[in-house]
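Quick note: the sequence shown uses numbering that gives the first Met the number 0, first residue 0, plus one each step.
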Amino acid sequence: MTGQSNSPALSPEAQPKGLQICTITVRIIKNFEYRISRNIILQVDAACTTVGELRDICRKQIVSDAKFKIFRRIEFDTLKLYTHAFGNKTQNLIINLGTDGFLLDDRATLEFAGIRNETELSLFNKDAYETYAKSPETMW
């Protein structure tokens with residue numbers, strides 16, 4: 000099961016074996032310097048959904064949802080872990096600037112990539128990220 004679900008999430012005890020419904024937040028980042036971003040909240044099966052499928056779900060949402068109109072000209076090509084539930088957050092409010100957390104293998108399942116319930120991810124353009132990482136200054 001991928002994408003959004005209208006049914007209530009099952010408790011971990013009630014979920015069948017192999018089914019891991021997770022609620023995740025994907026932060027779509029248009030601009031790092033001005034902190035322009037929007038969130039997509041999804042319920043996905045972490046055991047079956049791959050990183051590539053998750054990126055495609057987000058891209059389809061960007062194309063179909065009117066609130067993402069200003070985001071449609073950006074090529075979103077990279078997913079990166081921002082934080083896990085009850086985990087440490089970084090000082091940077093828009094993205095985790097550490098070198099780890101990139102989800103590079105499109106065929107890996109979310110479960111294999113370490114994604115669990117209430118994980119926050121960032122989806123962005125890698126070239127824009129690398130430019131921002133060299134000089135992480137915010138503008139107003």
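A virtual CB, placed ideally from N, CA and C, is assigned to each residue, including glycine.
The C-beta of S134 has fewer than 16 other C-beta atoms within 10 Å across all chains shown, which makes the residue exposed. The three-state reading of DSSP puts R34 in coil, since its state is none of H, G, I, E or B. Note on N95: 16 or more other CB atoms within 10 angstroms of its CB, so buried under the neighbour-count rule. For the options N116, T48, R37, the alpha carbon positioned closest to that of G86 is the one of N116. By the neighbour-count definition (other C-beta atoms within 10 Å, threshold 16), V62 is an exposed residue.
In the displayed model, T77 falls within a strand according to three-state DSSP. Here I23 is near L41, since their CB atoms are less than 8 Å apart.
Fully contained in the region 102-129 are the following beta strand (DSSP E) runs of length 3 or more, in chain order: 119-123.
Only buried fits L78, as 16 or more other CB atoms lie within 10 angstroms of its CB. Between A46 and E110, the C-beta spacing is below 8 Å.
DSSP lists N38, S121 as the bridge partner or partners of R26.
Of the other Cβ atoms in all chains shown, fewer than 16 fall within 10 Å of the Cβ of I69; this residue is therefore exposed. Here DSSP, grouped into helix, strand and coil, assigns I56 to helix.
Taking 8 Å as the upper bound for CB-CB distance, R34 and L92 are in contact here, some 6 Å apart.
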